[in-house]
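K.L.:
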Amino acid sequence: MLEIKNLSASIDGKEILKGVNLSIKAGEIHAIMGPNGAGKSTLAKILAGHPSYEVTEGEVFFEGKNLLDMEPEDRANSGVFMSFQYPVEIPGVSNIEFLRAAMNAKRKFRGEAEISLENFMILLDEQMKHMEIKEEFKERNLNEGFSGGEKKRNEILQMLMLSPMLAILDETDSGLDIDAMRIVAKGVNHFSNKDRALLLITHYQRLLEYVKPKFVHVMVDGRIVRSGGPELALELEERGYDWLTMSSPYEEAV
Amino acid sequence: MTMTEQQVEKKSFSEALKKCFERSALGHPFEKFKIKAWEAFKEKGLPTKKDEVFRYIKLHYLYAKEYSESFLKSSLTKNDIAGHILEECKNSFLVFVNGNFSKELSNTEALSEKIVISPLKEAFRSYSALLTSQWNKIGKEETDPFALLNFALHDEGAFVYIPPNVVSDVPLQVLNIIDSEDALFTFPRLQLFMGKSSRLQVMSTHVNLSSNECCINQVAEFSIEENATLQFVQANTHAAENVWHFDAARASLKRDAFFEVAAATEGSACVRNDYRVVLAGANAEASLNGVWMLKDEREAHNHVLIDHQAPNCISRQLYKGALDDRGHSSFEGKILVRPEAQQTNAFQLNNNLLLSDQASAESKPNLEIFADDVKASHGATVGQLDREELFYMKTRGFSDAVAKNLLINGFCQEVVDKIMIPSLHKAISMSVRQFLIKE
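For the record, the sequence lines run as chains A and B. If you count by the numbering used here, then the first sequence holds residues 778 to 1031, one letter each, in order. If you count by the numbering used here, then the second sequence holds residues 44 to 482, one letter each, in order.
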């Protein structure tokens, strides 16, 4: 589904990614872990199409299409979703209005008819129940005045509603209390199936207790330095990142 | 010394005004006051860029124009205007045609019978004391040259009197129509008196039935007695690019009175809103709100003076501008707190959003405080759309234009929501939401 080949990127002339290789197939859950400043969030933003980063080398293919040539909105409408580490607050647009417009933007892109209000509401009520989001949040302005946990739950609600093929969750677990973590994990597990892929970006392995990845990758200084199974996350939890930073052995990604 | 081209044009513009004054003032029932207004205007002269409060306005373009003033009766019928009446005001609207109030075209059936509405000349016979006391201030309090011109040159204004304790659930629309083959200079004038504890909503709207350019020089004077509430909406959208529009509102508030303005414009050659609000009684409150959305080379200018004369009053100003292309705006707001206006609470904010490199917004807040127990704040910003917000919207599948529109909408909404009339709120919201989608 996603093929990242030797991806290098910089911001303001500073090199952040230094040749990332990663391949994700449908049905797989991958986790990228690593110390702060390793380039994990940068990778997520580049995949979503953030305009501030310059790709200096490499390629990214999503379902065989050159992702880097696509506008952020076209990537989204083609099935790539990114949950933000810091979701922005948008005044003047209600949550419900935003979701419906986003769903219809995707449908329009695919040449499909708009979703009926009735069907939209049925779907929304169901997904809001999954995310344990109160009714009143429908009419509230998008993320405005939401707590950190509410914002993250709202991101996962958007993911469930927009139903992408590939979801990239950028530090979705950071700043969550145990209840919010449980709810977010429930939403993520609900989303996950054999046709969809997930890329979890996280600093801690906390989320991975709830959402089981098939592969864990460690990113240090703009490179994936080690890849393995779920046991790698536990090893990192025990030993930290220092042992990897020191030796920095380069391994080809899975 | 030889005159420059611009000086020649200004002189002939000024001479045309003089002819207009001579025709309109002599023999007019308000002749005495009109002469006073004209003298006060002459003393100031036509403003230029050198006048502080007009420095952002390209007045020399106005002075290069030749307008004719119209005393012609229009042949418009009620059917011609029906499409321009808000659905909430089907039987409660005043019509001005080419600057003059038309009693025949107006319809006030839905309003309380106690409310007095009449042509200003006619009202002068029954309400001469009320009007005289108001007009005695001409040349003293009123110093804006265009507002003075309005009085000197207007022919037939509208008079509205809301008796004490009359609370109107029905809003009143004031529709200004331009219908002429000529390029007109018009002078609509509204005198509105709100009695004690009365309540009313007034919406001022405009329509130009001809494609001709024109200059509208409009004044609304409000006298708001104790505990009365007036909400005033100025909707000035869909104006042609070549229209000049001076729109002045004057309000004097007695004790416990409330006055709220919500103005929305898409600009034109120049839309200039000028406000003077006097908080003359304790506990009075004024809330002034404006939004402008400018494209092409359109301009919008706001000039506000809030005069705190009594203790415990509140004033709020919230002005938001979204500017694309070569749009240009200015905001100049002054809060004057006189020594006796203790425990004043005054707030002023102007935010501007520039959507193009060539758009420009000027902002000049101004505080003059002579009392010691005062809470006052002011702020101004000129910025661009937040890149992260825009990126977020795009990652949810919205095109650049739609994403920007949603953000602009969010930026403007606080002001737009002050428009209480649903149909007008909807129409203005639509304009905001489609700001960047070029059709």
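Note that the Cβ used here is the ideal one computed from N, Cα and C, for glycine as well.
(1) Quick one: grab the DSSP three-state call for SER466/B.
(2) Between GLY440/B and GLU850/A, which are expected to be in contact by the criterion C-beta below 8 Å, what is the C-beta distance as a whole number of angstroms?
(3) Anyone know if the C-beta pair for VAL213/B and LEU154/B falls short of 8 Å?
(4) Please identify, using Cβ separations under 9 Å, the residues of the region 418 to 444 of chain B that lie next to chain A, in order along the chain.
(5) Does chain A have any CB closer than 8 Å to the CB of GLY364/B?
(6) Against chain B, does MET908/A count as a neighbour if the rule is that its beta carbon must be under 8 Å from one of theirs?
(7) Helix, strand or coil: which one does DSSP assign to CYS356/B?
(8) Can you give me the C-alpha to C-alpha distance between GLU131/B and ILE464/B, rounded to a whole angstrom?
(9) Return the CA-CA distance between LYS297/B and GLU52/B, expressed in angstroms with no decimal places.
(10) With DSSP collapsed to three states, give me the class of GLU1029/A.
(11) Identify, in the order they occur along the chain, each residue of the same chain with its Cβ nearer than 6 Å to the Cβ of SER330/B, setting aside the five sequence neighbours on each side.
(12) State the CB to CB distance for the pair PHE144/B and GLU74/B, rounded to an integer number of angstroms; the pair is presumed to be in contact (CB under 8 Å).
(13) Along the region 922 to 952 of chain A, where does the CB come closer than 9 Å to a CB of chain B? Name the residues.
(14) Tell me the DSSP secondary structure of GLN216/B in three-state form.
(15) Could you name the residues of the same chain whose beta carbon sits closer than 6 Å to that of LYS377/B, not counting the 5 residues immediately before and after it, in chain order?
(16) GLY811/A: which of GLU1012/A, LEU1011/A, PHE897/A and TYR981/A sits nearest, CA to CA?
(17) Drop a sphere of 10 angstroms on the beta-carbon of PRO734/A, count the other beta-carbons inside from all chains shown, and report buried for 16 or more, exposed for fewer.
(18) Kindly say whether ILE873/A, judged by its beta-carbon, lies nearer than 8 Å to any beta-carbon of chain B.
(19) At a Cβ cut of 9 Å, what residues of the region 800 to 828 of chain A count as close to chain B, listed as they run along the chain?
(20) Looking at the unbroken alpha helix (DSSP H) that takes in ASN798/A, where does it start and where does it end?
(21) Using DSSP bridges, identify the partner residues of ALA329/B.
(22) Tell me the rounded alpha-carbon separation between ILE892/A and LYS929/A.
(23) Below 7 Å CB to CB, which residues in the same chain sit around GLU1029/A once its five sequence neighbours on both sides are set aside?
(24) What does a CB cutoff of less than 6 Å around HIS967/A pick up in its chain, not counting 5 residues either side in sequence?
(25) Where do the N-terminal and C-terminal ends of the beta strand (DSSP E) with TYR435/B fall, by residue?
(26) Could you tell me whether the region 115 to 130 of chain B touches the region 66 to 80 of chain B, using the rule of 3 or more Cβ pairs below 8 Å?
(27) Rounded to whole angstroms, what is the Cα-Cα separation between GLY964/A and ILE978/A?
(28) Applying the criterion that 16 or more other CB atoms from any shown protein chain within 10 Å of the CB defines a buried residue, is ALA141/B buried or exposed?
(29) Pick out whichever of ASP350/B, ALA226/B and ILE181/B has its Cα sitting closest to the Cα of TRP287/B.
(30) Grab the span of the alpha helix (DSSP H) containing GLN935/A for me, first residue to last.
(31) Leaving out five residues before and five after ALA402/B in sequence, what residues of the same chain have Cβ atoms less than 8 Å from its Cβ?
(32) With the cut-off set at 8 Å, would you say ALA292/B and GLU309/B are in Cβ contact?
(33) At a CB-CB cut-off below 7 Å, which residues of chain B make contact with GLU850/A?
(34) Would you please verify whether the beta carbon of VAL837/A is less than 8 Å from any beta carbon of chain B?
(35) Strictly by DSSP, which residues pair up with GLU411/B?
(36) Assign ASN854/A to buried or exposed, taking buried as 16 or more other Cβ atoms, counted over all protein chains shown, within 10 Å of its Cβ.
P.N.:
In this structure, then:
(1) helix
(2) 5 Å
(3) yes
(4) ASP429, ARG430, GLU431, GLU432, LEU433, PHE434, TYR435, MET436, LYS437, THR438, ARG439, GLY440, PHE441, SER442 and ASP443
(5) no
(6) no
(7) coil
(8) 7 Å
(9) 44 Å
(10) Caution applies to GLU1029/A, whose pLDDT of 45 falls short of 50 and renders its modelled position unreliable; the model cannot decide the point.
(11) GLU303 and ARG359
(12) A Cβ-Cβ separation of about 19 Å leaves PHE144/B out of contact with GLU74/B under the 8 Å criterion.
(13) So the list reads GLN935 and LEU939, given in the order they occur along the chain.
(14) strand
(15) Annotation for LYS377/B: LEU348 and ASN409 place their beta carbon closer than 6 Å to its own, counting only its chain and skipping 5 residues before and after.
(16) Taking each of GLU1012/A, LEU1011/A, PHE897/A and TYR981/A in turn and checking the Cα distance to GLY811/A, the smallest one comes out for TYR981/A.
(17) Limits of chain A in this structure are 778 at one end and 1031 at the other, which puts residue 734/A out of reach.
(18) It does not: the Cβ of ILE873/A has no partner Cβ on chain B nearer than 8 Å.
(19) Hits within the stretch, in order: LYS822, ALA825, GLY826, HIS827 and PRO828.
(20) Segment 791 to 801 is the beta strand (DSSP E) holding ASN798/A; no alpha helix (DSSP H) there.
(21) PHE302/B and SER358/B
(22) 25 Å
(23) Residue placement at GLU1029/A is flagged as unreliable, the pLDDT there being 45, under the threshold of 50; the coordinate-derived value follows with that caveat. Closer than 7 Å at Cβ, skipping near neighbours: ASN798.
(24) Correct list, in chain order: HIS907.
(25) Per DSSP, TYR435/B belongs to no beta strand (DSSP E); it is in the alpha helix (DSSP H), 430 to 438.
(26) no
(27) 16 Å
(28) One point to set straight first is that residue 141/B is Asn, not Ala, in the sequence displayed. It counts as buried.
(29) ALA226/B
(30) 925 to 939
(31) LEU337, LEU366, ASP367, ASP368, ARG369, GLY370 and HIS371
(32) no
(33) LYS437, GLY440, PHE441 and SER442
(34) no
(35) DSSP, once it has assigned bridges, lists LEU379/B as partnering GLU411/B.
(36) buried
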